[in-house]
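Notes to accompany the following structure.
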Amino acid sequence: MQRYNIFYQIHKGLREMLYNSASLIQQTDFGQAAQRETTARQLNEVLDLFDKHAATEDHWILPAIAQYEPAVTSLFAEEHVKDHELGEKLRSIIKGLQEAGSVHDQETWGAVLRPVFIEFMVFNLEHMAKEEDVLNRLLWRYFSDEELQGITQKILGYLPPETLQQYSAWMIRGLSNNEIISWLKEVKSTAPDFIYEGLKTLAEKELSQQRWTFIRQSIGERAIAA
Numbered sequence: 065m066q067r068y069n070i071f072y073q074i075h076k077g078l079r080e081m082l083y084n085s086a087s088l089i090q091q092t093d094f095g096q097a098a099q100r101e102t103t104a105r106q107l108n109e110v111l112d113l114f115d116k117h118a119a120t121e122d123h124w125i126l127p128a129i130a131q132y133e134p135a136v137t138s139l140f141a142e143e144h145v146k147d148h149e150l151g152e153k154l155r156s157i158i159k160g161l162q163e164a165g166s167v168h169d170q171e172t173w174g175a176v177l178r179p180v181f182i183e184f185m186v187f188n189l190e191h192m193a194k195e196e197d198v199l200n201r202l203l204w205r206y207f208s209d210e211e212l213q214g215i216t217q218k219i220l221g222y223l224p225p226e227t228l229q230q231y232s233a234w235m236i237r238g239l240s241n242n243e244i245i246s247w248l249k250e251v252k253s254t255a256p257d258f259i260y261e262g263l264k265t266l267a268e269k270e271l272s273q274q275r276w277t278f279i280r281q282s283i284g285e286r287a288i289a290a
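Counting from 65, one number per residue, gives the positions in the sequence shown under the numbering used here.
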């Protein structure tokens, strides 16, 4: 029987954020103001959302495991500290990039930014993979799926609506059609109508017309006439 994976959906969104940002950095001409600011704005969003994600794990997930396996959770908490340090290093480079006055300095900061972001990305990809392996096995050993889903609901209730909207946008971009269909059906059956309608609107905004049409038809929704 497949167990409930508390990390699966959010980690897909976070990985999409990293992959997309890495591609954006590669394509950025840092001497061009509009491109430079777009990249800086997205990277600041990445850092903010990763910090908030680590905080929710520190507050809800690691304490649940710590009562049974304190040594393991200490190691993951230490990795969150390392992650924050890498994020602060990246923030200082972004600040330098935004304050650079000449094209030469802007391009120099861009060259510094690339490998530091790669370091941040690789660390987080490996960290998330370890969580999905090590922590999931412990969560499944000590908790039922219903209890794990309860932790998810506590996290959703803890996060501000605007933060949930940001995470949801990246998750929609990172999930497959079938995963989005399942998500929409679950929300429709368990959440108030306005949350379901909001998620549908967000999916329509973030997805290509072809993907959204397939999803809309799969959940039995009709297109709204113009």
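We put the CB at the ideal spot given by N, CA and C, even for glycine.
Kindly indicate if chain B contains any beta-carbon less than 8 angstroms away from that of residue i.
i    : result
T102 : The chain labelled as chain B is not found in the depicted structure, where only one protein chain is given.
Using CA atoms only, rank isn't needed, just tell me which of the options is closest to residue i.
i    : options                   : result
S65  : R237, D209 and L220       : It should be noted that the sequence gives Met, not Ser, for residue 65. Selected option, being the one with the closest Cα: D209.
P19  : F184, S240 and Y206       : One cannot answer for residue 19 here, as it falls past the ends of the chain, which runs 65 to 290.
T137 : T92, V198 and T172        : V198
D147 : L177, M192 and A175       : M192
L271 : I158, P179, P256 and I244 : I244
F187 : F114, T265, R280 and L202 : F114
G221 : I70, L154, G174 and T120  : T120
Q281 : E101, K116, N241 and A255 : N241
K116 : L223, D257 and K76        : L223
A98  : G77, D122, L263 and Q162  : Q162
G77  : P256, W234 and L263       : W234
V145 : E195, P256, H123 and A118 : A118
E171 : Y260, G95, I259 and L228  : G95
How many Å lie between residue i and residue j at the Cα?
i    : j    : result
E142 : R286 : 49 angstroms
L212 : Q91  : 40 angstroms
Y68  : G160 : 43 angstroms
Q131 : Q106 : 37 angstroms
D93  : I158 : 14 angstroms
S246 : S253 : 11 angstroms
A289 : T265 : Unreliable positioning characterises A289 in this predicted model, as indicated by a pLDDT of 47, which lies under 50. The coordinate reading is nonetheless provided below. Those two C-alpha atoms are separated by around 15 angstroms.
P179 : I89  : 10 angstroms
Y83  : Y231 : 15 angstroms
I74  : E250 : 16 angstroms
E149 : G284 : 47 angstroms
V176 : S156 : 11 angstroms
F278 : E80  : 21 angstroms
Can you name, in chain order, every residue of its own chain whose Cβ lies under 6 angstroms from the Cβ of residue i, other than the five neighbours on each side?
i    : result
E268 : W276
I125 : none
E133 : L202
Would you kindly report the start and end of the unbroken alpha helix (DSSP H) that includes residue i?
i    : result
E101 : A97 to T120
M65  : From DSSP, M65 is part of no alpha helix (DSSP H); its letter is neither H nor E.
A255 : Here A255 belongs to no alpha helix (DSSP H), and DSSP marks it neither H nor E.
T137 : P134 to E163
L239 : Looking at the DSSP string, L239 is not in any alpha helix (DSSP H), and its letter there is neither H nor E.
My understanding is that residue i touches residue j, with C-beta atoms under 8 angstroms, so please give their C-beta distance in whole angstroms.
i    : j    : result
G151 : L111 : 5 angstroms
I292 : L239 : Because the chain in this structure spans residues 65 to 290, residue 292 falls outside the shown range and cannot be described.
E183 : F140 : Actually they are not in contact, since the Cβ atoms of E183 and F140 sit about 19 angstroms apart, beyond 8 angstroms.
Which same chain residues, not among the five before or five after residue i, have their C-beta less than 7 angstroms away from its C-beta?
i    : result
T216 : I70
M185 : L82 and A86
Between residue i and the rest of its own chain, which residues show a CB-CB distance below 8 angstroms, the 5 nearest in sequence each way excluded?
i    : result
E226 : none
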